[in-house]
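*Asks:* Numbering (the UniProt record's numbering) for the sequence shown: 1 to 422. Take a look at the following structure, please.
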Amino acid sequence: MTTMTTAAFARRSVTEHCRLVAEMVAAIERPTASVELSALETDHYRTLAADVIAPGHLPPFDNSQMDGFAVHRADVVDARPEHPVLLPVTGHIAAGDAASALPRGEAWAVMTGAPIPVGADAVIPIESSGLTAFPSRGEVASLTVREVPVADAFVRRAGSDIRAGDVIAAAGAALTPALVGALASAGVRRLTVFRPFTVLLIATGSELRGQGETARPGSILDANTPALTALLTAIGVRVLTPGSVDDEPEQLLRAIDAHAHEVDLVVTAGGVSAGAHEVVREALGIRGVSFGSVAMQPGGPQGFGHLQVGTRRLPVVALPGNPVSALISAEVFVRPALLAAGGWWPGRPTVEAPITEDAESPAGRLQVRRARFTAAGRIEFVGGPGSHLLGSFARSDLLVLIPESVTRLEAGEIVRAWRING
């Protein structure tokens, strides 16, 4: 019998493993697609693949920044607090009305967003007008101007935000809600984007059964597939899940081979430790994927590398199988790598607050503890550091990262934590 050697890496830091995974994911080449802008209302975490040129001005016409009165500045150049200028208010323009020319010596009421009358070059806010309310249409009132407005006071000129022909956004820009809104306002209807990342997610273990499958002695429900799918789809990733795989290397390889042509990345959960039935390590460790230990608790055993499938060199991230270890590993390594490669900020919002109790942490390892905010604004650990305590993770809204150099924290110490609930 021939023994094949599994590729291994020496124990490495969390920072180093993050860098390697991020570099591997960043190198993934994704096709582009032309999509309707309206599709982005429900299709999130997309990234531009080509510059977007403004087809028109934004704003598209001169409009009022305030509720007030449009005037010719030349009619009020002599206005002084002690010698105000009075102008009759003879017109009214609301948002959505068409603009027409403002006669000299008159003022028109204009609402916020309404077109500026042709020739007008300033708006007097109603608060500075001497009037307490706008006159009704057809009613004549007098506008009191006590000082000369600056040119274009409270006037938004056409193209003052974006001009026709401007690059609104460059290739690689993240399509944030604000950018989607700017594109819509400028009249953009179609744009070229990168296709979302597609991940093949495989949970391994002969003991696993899916939801609705018949229980058998020694079996447990698969938590990794739904949990990791939820984490990935929340950042716009398309996830393929062929179902859990038994501890049979050939079954795992067949599952990967069946979907290799349609995915960008393979993520596995389970089978990466030093046990007797570590299927991912057995199947992929002799085919280009390296396995070893990362200085993190939970989530020490990890795998990483490329798998040759036909003509494709498919990137693989292999996570441990305990549900908490798998989720934390995905939070630390997979999620930020996919976000960064897509042009998005890869981090989580962080908070700093005192802890409610003492905590121990192993020397030389980054310990990741589940926690939550108390009503008093303190951080309370939920459950212990064990990798099997999924219920405590479900009750948590924070992850506290205790540095490798820290072995003990005292109650009241300030710690930094990731917010994971939004």
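Beta carbons: idealized from backbone N, C-alpha and C, even for Gly.
Measuring alpha carbon to alpha carbon, tell me which of 352, 238, 369 ends up nearest residue 359.
*Replies:* It is 369 whose Cα lies nearest to the Cα of residue 359.
*Asks:* Closer than 8 Å is the cut-off here; do at least three beta carbon pairs connect the stretch 30-45 with the stretch 72-84?
*Replies:* The stretch 30-45, when compared against the stretch 72-84, does not touch it at the 8 Å Cβ threshold.
*Asks:* Using CA coordinates, which residue listed in 384, 395, 379, 393 is at the minimum distance from residue 417?
*Replies:* That would be 379, whose Cα lies nearest to the Cα of residue 417.
*Asks:* Hey, how far is the Cα of residue 297 from the Cα of residue 310?
*Replies:* Approximately 36 Å between the Cα atoms of the pair.
*Asks:* With three or more beta-carbon pairs closer than 8 Å as the criterion, would you say the stretch 222-241 touches the stretch 193-209?
*Replies:* Because the criterion of three Cβ pairs below 8 Å is met, the stretch 222-241 and the stretch 193-209 touch.
*Asks:* Could you name the residues that DSSP lists as bridge partners for residue 34?
*Replies:* DSSP output for residue 34 lists 192 as bridge partner(s).
*Asks:* Pop quiz: residue 302 and residue 280 are said to be a contact at Cβ under 8 Å. What is the actual Cβ separation, rounded to whole angstroms?
*Replies:* Rounded, the Cβ-Cβ distance is 11 Å, inconsistent with contact.
*Asks:* State the Cα-Cα distance for the pair residue 48 and residue 36, rounded to the nearest angstrom.
*Replies:* So the two alpha carbons sit approximately 13 Å from each other.
*Asks:* Helix, strand or coil for residue 57? Go by DSSP, reduced to three states.
*Replies:* In the structure shown, residue 57 sits in coil (DSSP, three-state: anything other than H, G, I, E or B).
*Asks:* Going by C-alpha to C-alpha distance, which of 366, 419, 233 sits closest to residue 404?
*Replies:* It is 366.
*Asks:* According to DSSP, simplified to helix, strand and coil, what is residue 154?
*Replies:* Note: residue 154 maps to coil in three-state DSSP.
*Asks:* Pick from 391, 14, 6: whose alpha carbon is nearest that of residue 364?
*Replies:* The shortest Cα separation from residue 364 among 391, 14, 6 belongs to 14.
*Asks:* Count the other CB atoms within 10 Å of the CB of residue 335; is the residue buried (16 or more) or exposed (fewer)?
*Replies:* Counting Cβ neighbours within 10 Å, residue 335 comes out buried, since at least 16 surround it.
*Asks:* Measuring alpha carbon to alpha carbon, tell me which residue in 283, 270, 285 is nearest residue 325.
*Replies:* Comparing Cα-Cα distances from residue 325 to each of 283, 270, 285, the minimum goes to 270.
*Asks:* Where residue 250 and residue 28 are concerned, what is the direct C-alpha to C-alpha distance, given to the nearest angstrom?
*Replies:* Each residue's alpha carbon lies about 26 Å from the other.
*Asks:* Am I right that residue 202 and residue 265 are in contact with their C-beta atoms under 8 Å? What's the rounded C-beta distance?
*Replies:* Not confirmed; about 12 Å, so no contact.
*Asks:* What separation, rounded to the nearest whole angstrom, lies between the Cα atoms of residue 285 and residue 10?
*Replies:* Answer to the nearest angstrom: the Cα atoms are 14 Å apart.
*Asks:* Using C-beta distances below 7 Å, list every residue in its chain close to residue 2, excluding the 5 sequence neighbours before and after it, in chain order.
*Replies:* Note on residue 2: pLDDT 42, under 50, position unreliable in the model; the coordinate value appears next. The answer is none, since no qualifying residue turns up.
*Asks:* Nearest CA to the CA of residue 413: which residue from 392, 377, 355?
*Replies:* If we check each option's Cα against that of residue 413, 355 comes out closest.
*Asks:* Need the endpoints of the beta strand (DSSP E) that residue 303 sits in, please.
*Replies:* Unbroken beta strand (DSSP E) run through residue 303: 301-309.
*Asks:* Would you kindly work out how many angstroms separate the C-alpha atoms of residue 415 and residue 353, rounded to a whole number?
*Replies:* Each residue's Cα considered, the two are about 6 Å apart.
*Asks:* If you reduce the DSSP assignment to three classes, tell me which class residue 251 lands in.
*Replies:* It is helical.
*Asks:* Where does residue 421 land, buried or exposed, given buried means 16+ other C-beta within 10 angstroms?
*Replies:* Result: exposed.
*Asks:* Using beta-carbon positions only, say whether residue 383 and residue 390 come within less than 7 Å of one another.
*Replies:* Not a contact, by the Cβ cut-off of 7 Å.
*Asks:* Counting Cβ pairs, one atom from each stretch, are 3 or more of them under 8 Å apart for the stretch 185-196 and the stretch 157-175?
*Replies:* Taking 8 Å as the limit for Cβ pairs, the verdict is that the stretch 157-175 does touch the stretch 185-196.
*Asks:* What are the partner residues of residue 47, as DSSP defines its beta bridges?
*Replies:* Residue 47 is bridged to 174.
*Asks:* With DSSP collapsed to three states, give me the class of residue 72.
*Replies:* It is coil, neither helix nor strand.
*Asks:* In chain order, what residues of the same chain lie with their CB nearer than 6 Å to the CB of residue 315, ignoring the 5 residues before and after it?
*Replies:* Hits under 6 Å: 24, 265, 306.
*Asks:* Could you please give the first and the last residue of the uninterrupted beta strand (DSSP E) stretch that includes residue 454?
*Replies:* Residue 454 is absent from the model: the chain starts at 1 and stops at 422.
*Asks:* Is it buried or exposed, residue 137, if we count other Cβ atoms within 10 angstroms and call 16 or more buried?
*Replies:* Burial call: exposed.
*Asks:* Based on Cα-Cα distance, which residue from 40, 113, 57 lies nearest to residue 160?
*Replies:* Out of 40, 113, 57, 57 has the C-alpha closest to the C-alpha of residue 160.
*Asks:* Alpha carbon to alpha carbon, how far is residue 194 from residue 46? Give it in angstroms, no decimals.
*Replies:* Going by the C-alpha atoms only, they are around 7 Å apart.
*Asks:* Classify residue 147 as buried or exposed, calling it buried when 16 or more other Cβ atoms lie within 10 Å of its own Cβ.
*Replies:* With fewer than 16 Cβ atoms within 10 Å of its Cβ, residue 147 is classed as exposed.
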